[in-house]
Amino acid sequence: MSDNERWVHPFGTAASGEFEVSIDDALDGWTHTSLRVATLDPGGALTVDTGDDEVLVVPLQGGLEVTAVDHAGEHHEARLCGRESVFAGPTDVAYVPRGARLTLRNPGADQVRVALCGAKATKRETPPPFRHVAVADVPVELRGAGTASREVRNFGVPQVLDADSIIVCEVVTPAGNWSSYPPHKHDEEREGLETELEEIYYFEVGTESGGPAQGADPVGYQRVYGTDARPIDVLAEVRTGDVVLVPHGWHGPAMAPPGYDLYYLNVMAGPGATRAWLICDDPAHGWVRESWAQQDVDPRLPIGGVR
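If you count the sequence shown from 1, you need to add 1 to reach the numbering used here.
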């Protein structure tokens, strides 16, 4: 089996039950993180038990109601406003701790698509509390410059969300730009320098104008490659609903071809005691960061307009 066959899951190949995308530790070599994507019809509902996982509910299209009964029997509710699409701007999210029963409901007249981002959550004796993170509290970072400009929506990072292990963010890369660049890795514990985190990339791709283009087939590309000690070799063409897993190694760039904006949702967690995203650049390409000081950030950002 090639690395592309093992670590790349095109849309439709990782479905399970009510989920059109379902990635978890049932996959060989996958341990800490999970991702499930579901579509709820108008009036539809979905109930899951979080078990040993903590879950971040991320609306991809539309809004929904979230109800959770936690490990102590406490009842929690949140109405997620969501958004028209992942390219329309950031969204509010809901954090649900381990040991909870989670119910999602679509109260509207249109279909809703939602991602459940999960991670094993056994490090803290008492689970963090349920939380609704409002869209106004989501930091939006414009990272890089020039053709390496991208928008990062940091709703599930340690500085914003109290959690056991999970780290989640989403990135939008304008057409023609590169992100996850310079290539970097986070696959070993080095105090203050690097944390060991496996990572899920869930992709969506759209036309740059945001509207339909006759005959268009929006695509993007993702690269993952290994160190000498731990080889891996992935180069994937990705479309909406595709998933690329990064168990270890350098990853990047994620490439948005001219004409197509690229979105990805990142879910990370690992075995280390410290919940932090600490990375190491590939030394062959890390110098690129220094060039950004002489370049402007892409004026198309932020995608979806200024908040």
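The beta carbon of each residue, even a glycine, is placed where N, CA and C say it ideally should be.
The structure displayed is predicted, hence computed values, not measured ones.
DSSP three-state assignment for residue i, whether helix, strand or coil
i	result
VAL289	helix
GLY253	strand
GLN295	helix
THR68	strand
ASP138	helix
ASP4	helix
ALA116	strand
ALA15	coil
GLY1	Residue 1 falls outside the range modelled here, since the chain spans only 2 to 308, and no answer is possible.
ASP282	strand
ALA39	strand
ARG308	In this prediction, ARG308 scores a pLDDT of 41, lower than 50, which makes its location untrustworthy; no coordinate-derived value is stated.
Environment of residue i [buried if 16+ CB atoms lie within 10 Å]
i	result
ARG231	exposed
GLY157	buried
ASP299	buried
MET269	buried
GLN223	buried
PRO43	exposed
SER150	buried
Residue nearest to residue i in terms of C-alpha spacing, selected from the options
i	options	result
ARG276	THR123, ALA101 and THR40	THR123
GLY221	TYR261, VAL9 and PRO248	TYR261
SER17	THR40, GLY30 and MET2	THR40
GLY1	GLU19, ASP25 and HIS33	Residue 1 is absent from the structure shown; the chain starts at 2 and stops at 308.
TRP309	LEU47, SER86, PRO183 and ARG125	What is shown of the chain runs 2 to 308, which leaves residue 309 out entirely.
GLU21	ALA214, ILE304, VAL244 and ALA255	VAL244
LEU198	ALA120, ALA255, THR127 and GLY145	ALA120
PRO129	GLY216, ASP165, ALA137 and ALA285	ASP165
GLU209	ARG301, ALA285 and ALA73	ARG301
LEU47	LEU143, PRO248, ALA69 and GLN295	ALA69
C-beta neighbour in chain C for residue i, strict 8 Å
i	result
GLY13	No chain C is present in this structure, which holds just one protein chain.
Segment contact, 8 Å Cβ cut-off, at least three pairs: the stretch 112-124 with the stretch 182-198: no
Decide if the stretch 256-272 is in contact with the stretch 170-186; the criterion is three or more beta carbon pairs, one per stretch, under 8 Å apart. yes
Taking three-plus beta-carbon pairs below 8 Å as touching, is the stretch 92-106 in contact with the stretch 48-56? yes
Beta strand (DSSP E) runs contained entirely in the stretch 41-93, provided each spans 3 or more residues: 46-50, 54-70 and 76-84
Taking three-plus beta-carbon pairs below 8 Å as touching, is the stretch 58-78 in contact with the stretch 87-96? yes
Should the stretch 5-12 be called in touch with the stretch 237-244, which here means at least 3 C-beta pairs below 8 Å? yes
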